[in-house]
Every structure is written in structure tokens, then in C-alpha cells.
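K.L.:
The listed protein sequences derive, respectively, from chains A and B.
Everything in the first sequence is counted per numbering that gives the first Met the number 0, starting at 0 for the first residue and increasing by one.
Everything in the second sequence is counted per numbering that gives the first Met the number 0, starting at 0 for the first residue and increasing by one.
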Amino acid sequence: MPVPVIDVKEVTLSFNSEPARATPPELAGVNMQIYEGEIVSLVGPSGCGKSTLLRLICGVLPPTKGRIKVYGKKAVPGWSGLGFVPQDALLFPWRTVLANVRLPLEIKAGGKKRLEELNEKAREALRLANLEGAEEKYPHQLSGGMKQRAALARGLVTGSRILLLDEPFAALDDITRTQLQLELLNLHSRMGSTILLVTHNIFEAVFLSSRVVVMGEKPGRILGEVKVDLDYPRDLRIMGTPEYGRKVGEVQALLEKAWGDD
Amino acid sequence: MINMECWNRENRRTRTWRLTGFGALIRENYEYFSLPLGLFLFLFIWKTASGFYPSFILPSPGEVWGRWQEFYRQRLFFHHFSATFLEAFGGFCLAAAIALPLSYVLAGNPFLEKIFTPYIVGMQAVPIIALAPLLVIWFGFGITSKVLVAALAAFFPILTNGVVGFRETDPRFREMMAIMGAGRKTIFWKLEIPSALPVLFGGLKMGMTLSVIGAVVGEFAGAGRGLGYLVNSARGNFDTPLIFVALLLLALLGIGFYLFLSGFEYLAVPWKRRQKG
Chain A
0 MPVPVIDVKE
10 VTLSFNSEPA
20 RATPPELAGV
30 NMQIYEGEIV
40 SLVGPSGCGK
50 STLLRLICGV
60 LPPTKGRIKV
70 YGKKAVPGWS
80 GLGFVPQDAL
90 LFPWRTVLAN
100 VRLPLEIKAG
110 GKKRLEELNE
120 KAREALRLAN
130 LEGAEEKYPH
140 QLSGGMKQRA
150 ALARGLVTGS
160 RILLLDEPFA
170 ALDDITRTQL
180 QLELLNLHSR
190 MGSTILLVTH
200 NIFEAVFLSS
210 RVVVMGEKPG
220 RILGEVKVDL
230 DYPRDLRIMG
240 TPEYGRKVGE
250 VQALLEKAWG
260 DD
Chain B
0 MINMECWNRE
10 NRRTRTWRLT
20 GFGALIRENY
30 EYFSLPLGLF
40 LFLFIWKTAS
50 GFYPSFILPS
60 PGEVWGRWQE
70 FYRQRLFFHH
80 FSATFLEAFG
90 GFCLAAAIAL
100 PLSYVLAGNP
110 FLEKIFTPYI
120 VGMQAVPIIA
130 LAPLLVIWFG
140 FGITSKVLVA
150 ALAAFFPILT
160 NGVVGFRETD
170 PRFREMMAIM
180 GAGRKTIFWK
190 LEIPSALPVL
200 FGGLKMGMTL
210 SVIGAVVGEF
220 AGAGRGLGYL
230 VNSARGNFDT
240 PLIFVALLLL
250 ALLGIGFYLF
260 LSGFEYLAVP
270 WKRRQKG
């Protein structure tokens with residue numbers, strides 16, 4: 000039996016400290032296991048706690064009940080094996096692309112390593128994210144796709160074995176989104192990273208993932224999951240296969256069930 | 000030769016105009032011409048207006064220039080200018096040294112902000128010109144009282160801009176830093192300071208200009224040297240050209256301070272420079 004790299008057990012999160020005026024918890028009894036090298040997507044309606052679950056895994060939010068383990072240890076912020084890519088890229092406007100990508104290394108090193116050494120690692124991450132040549136640009140000089148690539152490079156720079164992506168392609172146009180989806184698959188096949196992706200897009204979830212976990216709201220909970228048995232490496236042609244259509248239908252059915260429950 | 004595109008409202012078509020010769024030269028290089036052109040217009044209007052009034056009301060630019068040369072020959076320029084410069088700069092530095100750390104504390108602590116705000120607003124509401132005599136009584140006719148008046152004048156804009164600047168730090172960036180494992184000190188240096196810098200510079204520039212006003216007000220209340228003192232003593236002698244000399248020197252001091260901080264801002268906030276570009 001393989002050991003999960005991310006193990007979420009009976010996690011409940013409630014922001015309300017007064018039981019008398021209690022609103023439904025953000026998350027209730029969430030169980031989820033993610034194994035080495037998997038790409039897993041979390042889909043669900045807005046406000047169902049998908050992004051919150053990512054923050055719990057990062058360790059910046061402590062669960063009210065239950066436990067989360069990453070590689071068998073309690074989730075703590077700043078663990079270098081975990082890279083986070085947020086929705087709006089969140090690149091610091093006062094830093095160049097290179098300095099943005101270098102930031103997690105600077106924080107880890109705490110001023111003990113030479114800047115050139117850190118820059119070299121940042122350049123390597125930019126190469127992986129296909130963003131060579133933009134090192135000295137500022138974020139406002141980048142297109143939406145380039146910003147997301149820079150955010151991806153920042154997520155990879157510490158040598159992360161796990162990537163958490165919070166709707167990374169939501170703000171992009173269709174062409175750039177497809178391009179980045181293919182690049183993410185390529186990166187996965189080269190590096191074998193474990194990827195947990197939050198998305199609203201069912202088609203994207205089925206195209207990229209080996210499993211799609213569907214969440215419901217009020218309280219945020221897992222309704223079920225759909226296993227996608229399509230082989231890797233994948234390309235755009237799988238979107239035309241009946242199996243792909245069937246899987247999209249299964250995810251859609253689970254989501255409709257969530258709406259029906261409300 | 001340059002092309003100028005304009006929107007023709009009648010037939011809704013784009014029409015191209017061509018400007019040639021001197022007009023094109025001016026338009027292509029207007030940023031180089033604007034400053035001397037403005038100065039020329041200012042001097043021209045001044046000179047024309049001075050013809051209608053006696054010298055003790057409105058001296059001509061030539062008379063002011065002559066008074067400046069005499070003033071400079073008497074070796075009084077450095078004596079008075081340096082006093083106002085030191086008072087204003089000292090006051091500004093004192094104000095910044097107190098207001099910036101205080102703004103950081105207030106921005107992060109609403110409880111302290113509630114305690115301090117009525118006193119800070121009250122202090123700002125009292126006109127500086129009414130406070131200056133009191134400070135002269137307390138601290139004497141020397142530089143200390145003037146530095147304190149200048150500091151009081153500069154304090155408020157630096158503080159309020161500081162509070163706004165530090166409070167504007169995007170919470171999503173904070174979370175991103177926390178995910179990366181950044182501690183309090185790292186978040187301060189790598190996020191809060193650079194994020195607040197553009198707004199801080201706005202307050203510092205305003206404070207620096209106000210510190211010149213504060214220094215002059217302090218000199219009005221009681222001093223033995225400085226450009227404010229010069230205005231006061233020249234008024235007693237109806238030496239209007241000397242008042243103009245002092246006023247122009249004050250304007251130059253204010254512009255100099257402003258340019259100094261703008262230059263510093265240019266170097267310290269390169270990303271804003273590029274955004275404008």
C-alpha cells in the first residue's frame with residue numbers, strides 16, 4: 000500500500016468561535032489522500048473551501064479538527080518541498096522577474112548565501128517555466144501568461160516535489176491557458192512532481208488530472224471523486240475521445256448532485 | 000516634420016495633419032523649451048507690472064538682481080541661507096525620525112491609533128504660527144526652537160502618509176510570504192517597506208516643503224539670522240528688493256529639497272519609474 004504524500008484526515012475548519020451563533024464550518028470532515036506523482040484536481044462551486052484546503056495544506060491555516068500530513072509530517076509554512084502558485088500570480092511589483100523567483104530562496108537562505116548562487120537557481124527555474132529572457136522585466140511589463148509562468152517558476156525554485164496551484168489559469172485567455180496546461184503536463188512528465196490543482200474548469204480538471212475530487216459547499220466537504228484513466232503523456236487530442244467526454248460527464252453529474260443537495 | 004492625428008467629428012474619419020518648420024521643432028522638443036519659456040513669461044509679466052508701481056511696492060527684476068549682488072558681496076547669503084537650510088532640514092529629519100516609526104506602529108495597531116489620533120489631529124489643528132512663540136519662549140532664540148517648529152510643520156503629512164502606506168500592504172502578499180516561511184523581520188524589509196515606499200515618499204516630499212515654511216515661521220517668532228528673519232528686518236526698512244531676494248531664495252530652497260527627495264525616490268522606487276515610462 001503506497002504512502003500518501005499529502006494526507007488530509009477528518010479535517011474541519013471553523014472560523015466561528017461562538018457556538019451559539021455558529022454558521023456552518025468552512026470545511027467539515029474532509030478526507031483526501033494524494034500520492035507521489037499524481038495530478039489531482041479539486042473542483043466545486045465558489046466558496047466551497049477549495050482554496051482554503053490548499054492553505055491548510057501549506058500550513059498557514061491550522062485546522063480546527065483533524066490533521067494534515069505532508070510527507071508524513073505536520074504541514075508547516077515555508078517547507079521547501081512545497082511550491083504554491085496563486086491565482087493572480089502575486090508577483091511583487093517592486094521586484095524584477097528574477098528577484099521575484101529568487102524570493103523563496105532568499106527567505107530560506109536568510110542572507111547566508113551569495114546572491115549569484117541564488118540567481119543561478121532562479122534562472123534554472125525560469126528555464127523550466129519557459130520564461131528565459133524576461134529576468135530583468137518588472138511584473139507590469141509581462142503578459143498574463145508570462146506572469147503565471149513566473150509564478151510557476153517561483154513555486155518550483157526551491158526544488159519543490161509538490162506543487163499546489165490555486166486556479167492558476169483562471170484569468171488567462173483560452174489560447175494561453177491551453178498552452179500553459181500543456182506546459183504543466185510537460186513539466187510533470189519531466190520532473191514527476193505531485194500536483195494538486197484547484198480549478199473551476201471541469202474540462203481542464205479532466206484533461207490534466209489522474210483524479211478529480213469534487214467538493215460541495217455549506218459546509219465544504221468532499222462529495223466524491225472521478226478517476227481519469229487516460230494515459231500520460233497527454234495532448235489535446237484526448238479531448239476528442241469518448242472516454243474524456245464520459246469523465247467530464249461524471250464530474251458534471253457529481254456537481255449537479257451538490258446543487259441538488261442545496 | 001511630424002504627423003499629428005486628429006479625430007474629425009463631422010465625417011468620423013481620421014485625418015492626418017503635418018506640421019513643419021519652427022512649429023514642429025517646438026512640438027518635438029517642448030520639454031526642453033517649457034522651462035525657459037515659462038521663466039521668460041514670468042520675468043516679462045513681472046517687468047511689465049513693475050512699471051506701474053513704485054520700487055518699494057513692486058521692484059523690477061533688475062532692481063532685485065542688483066540687490067542680490069549687493070547682498071552677496073556683503074557675505075550675508077551664506078549666513079542667512081545656511082541657518083534656514085539647517086533649521087528646515089533638521090526639522091524635517093526630526094519629524095521623519097519620529098513620524099515614520101510611529102506611523103508603522105499605528106498602522107498595525109488600531110487600539111494605539113485610537114488613543115493617539117485625537118492628540119495628533121489636535122496638534123495639527125493648532126496653527127503653527129500660534130505655536131512658534133511658545134517654542135521660542137521654551138527653547139530660546141537659537142536653532143532648537145526653529146528646528147522644532149519646522150518638525151511640527153512636517154510631522155503630520157509624513158505620519159498620515161506613513162499610516163496609509165503601511166496599511167495598504169496587500170494581505171495576499173502577506174499570505175504568500177507566510178507560505179514561503181518568512182518571519183516578521185523578513186516581511187517588514189521585503190514586503191511592508193517596499194510596498195509602502197511610493198506613499199511614504201509622497202508624505203516626505205510634502206513634509207520637506209512644509210519644513211521650510213515651519214523654519215520661516217520660527218524665524219518670524221524670534222531669530223537673529225535666517226531668510227525669515229531677513230524678510231522681517233527688510234520689511235522694517237521698506238527694503239522690498241531684499242524681501243524679493245529672500246523670497247526667491249526660499250523658493251529655491253523648497254525646490255532644491257523637493258528635487259533632492261524626487262531624485263532619491265527615482266533611485267529607490269525604480270518600478271514606479273518604469274510603470275510611468
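Glycine included, every Cβ here is placed at the ideal spot set by N, Cα and C.
#1: Can you tell which of A:Gly215, A:Ile106, A:Leu41, A:Glu166 has its C-alpha closest to the C-alpha of lysine 184 (chain B)?
#2: Evaluate glycine 252 (chain A) with the Cβ neighbour count: other Cβ atoms within 10 Å of its Cβ, from every protein chain shown; 16 or more gives buried, anything less gives exposed.
#3: What are the residues of the segment 174 to 193 of chain B that lie near chain A, defined by any Cβ-Cβ distance shorter than 9 Å?
#4: One question on the structure: do serine 159 (chain A) and glycine 80 (chain A) come within less than 7 Å of each other, judged by their Cβ atoms?
#5: For a cutoff of 7 Å on Cβ pairs, would you count glycine 276 (chain B) as touching chain A?
#6: Any contact of the segment 22 to 32 of chain B with the segment 209 to 216 of chain B, i.e. 3+ C-beta pairs under 8 Å?
#7: Would you mind working out which of A:Gly215, A:Glu216, A:Phe206 sits nearest glutamate 242 (chain A), comparing C-alpha positions?
#8: Residue ranges of each beta strand (DSSP E) run of no fewer than 3 residues wholly in the segment 136 to 170 of chain A, ordered along the chain?
#9: Could you have a look at threonine 175 (chain A) and say whether DSSP puts it in helix, strand or coil?
#10: Tell me which residue opens and which closes the alpha helix (DSSP H) that arginine 113 (chain A) is part of.
#11: Determine which residues share a DSSP beta bridge with serine 214 (chain A) and list them.
#12: Strictly below 8 Å CB to CB, what residues from chain B border valine 156 (chain A)?
#13: Under a Cβ-count criterion, where at least 16 other Cβ atoms within 10 Å of its own Cβ denotes burial, should lysine 204 (chain B) be classed as buried or exposed?
#14: Tell me the start and end of each unbroken alpha helix (DSSP H) in the segment 20 to 103 of chain A that is at least 4 residues and wholly inside, in chain order.
#15: For chain B, check one thing: does any of its Cβ atoms lie closer than 7 Å to the Cβ of cysteine 47 (chain A)?
#16: Please name the residue in A:Ala128, A:Val212, A:Arg94 whose C-alpha comes closest to that of leucine 222 (chain A).
#17: At least one CB of chain A closer than 7 Å to the CB of tryptophan 270 (chain B): is that the case?
#18: Based on DSSP bridge pairs, tell me the residues matched to lysine 256 (chain A).
#19: Assign glutamate 255 (chain A) to buried or exposed, taking buried as 16 or more other Cβ atoms, counted over all protein chains shown, within 10 Å of its Cβ.
#20: Check the Cβ of arginine 171 (chain B) against every Cβ in chain A and list those closer than 8 Å, keeping chain order.
#21: Consider the C-beta atom of arginine 183 (chain B) and the heavy atoms of the ligand ADP; say whether any pair is separated by less than 6 Å.
#22: Under 7 Å between the Cβ atoms of alanine 181 (chain B) and leucine 93 (chain B)?
#23: Phenylalanine 83 (chain A) to leucine 60 (chain A), Cα distance in whole Å?
#24: Are the beta-carbon atoms belonging to leucine 42 (chain B) and proline 60 (chain B) less than 7 Å from one another?
#25: Going by DSSP, what residues sit across from isoleucine 194 (chain A) in a beta bridge?
#26: Checking 7 Å against the spacing of the C-beta atoms, do alanine 220 (chain B) and alanine 131 (chain B) come in under that value?
#27: Should valine 75 (chain A) be labelled buried (16 or more other beta-carbon atoms within 10 Å of its own) or exposed?
#28: Going by C-alpha to C-alpha distance, which of A:Leu163, A:Leu125, A:Thr193 sits closest to methionine 179 (chain B)?
#29: Is tryptophan 258 (chain A) close to chain B? Criterion is C-beta to C-beta, closer than 7 Å.
#30: With a threshold of 16 other CB atoms inside 10 Å of the CB of glutamate 108 (chain B), please say whether the residue is buried or exposed.
#31: Between which two residues does the beta strand (DSSP E) containing lysine 46 (chain B) stretch?
#32: Looking at the C-beta of glutamine 77 (chain A), does it have a partner C-beta in chain B at a distance below 7 Å?
#33: Could you check what DSSP says for leucine 147 (chain B) in three-state terms: helix, strand or coil?
#34: In chain B, which residues lie less than 8 Å from leucine 102 (chain A) when you measure between Cβ atoms?
#35: Answer yes or no: does any C-beta atom of chain B fall closer than 7 Å to that of isoleucine 106 (chain A)?
#36: Note down the Cα distance separating threonine 11 (chain A) from cysteine 47 (chain A), rounded to an integer number of angstroms.
P.N.:
If we stick to the structure as given:
#1: A:Ile106
#2: Looking at the sequence itself, residue 252 (chain A) is alanine, so the reference to glycine does not match. Classification of alanine 252 (chain A): exposed, given that the 10 Å Cβ count is below 16.
#3: Glu174, Met175, Met176, Ala177, Ile178, Met179, Gly180, Ala181, Gly182, Thr185, Lys189, Leu190, Pro193
#4: yes
#5: Because the pLDDT at glycine 276 (chain B) is just 47, under 50, the model does not fix this residue reliably, and the point stays unresolved.
#6: no
#7: A:Phe206
#8: 161 to 165
#9: helix
#10: Counting along the chain, arginine 113 (chain A) falls outside any alpha helix (DSSP H), and DSSP gives it neither H nor E.
#11: Strictly speaking, residue 214 (chain A) in this sequence is methionine, with serine absent from that position. The partner list for methionine 214 (chain A) (beta bridge, DSSP) reads A:Ile221.
#12: In chain order: nothing, as chain B lies at least about 10 Å away.
#13: buried
#14: 49 to 57
#15: no
#16: A:Val212
#17: yes
#18: DSSP, once it has assigned bridges, lists no residue as partnering lysine 256 (chain A).
#19: exposed
#20: Pro85, Asp87, Leu89
#21: Inclusion of the ligand ADP in the displayed structure is not the case, the ligand content being empty and no account of it being possible.
#22: no
#23: 14 Å
#24: yes
#25: A:Ile38, A:Leu162
#26: yes
#27: exposed
#28: A:Leu163
#29: no
#30: As written in the sequence, residue 108 (chain B) is asparagine, which differs from the glutamate given in the question. When all chains shown are included, asparagine 108 (chain B) counts as exposed.
#31: Unbroken run through lysine 46 (chain B) is the alpha helix (DSSP H), 29 to 49; no beta strand (DSSP E).
#32: A quick correction: the sequence has glycine, not glutamine, at residue 77 (chain A). It does: the Cβ of glycine 77 (chain A) has a partner Cβ on chain B nearer than 7 Å.
#33: helix
#34: Met179, Lys189
#35: yes
#36: 13 Å
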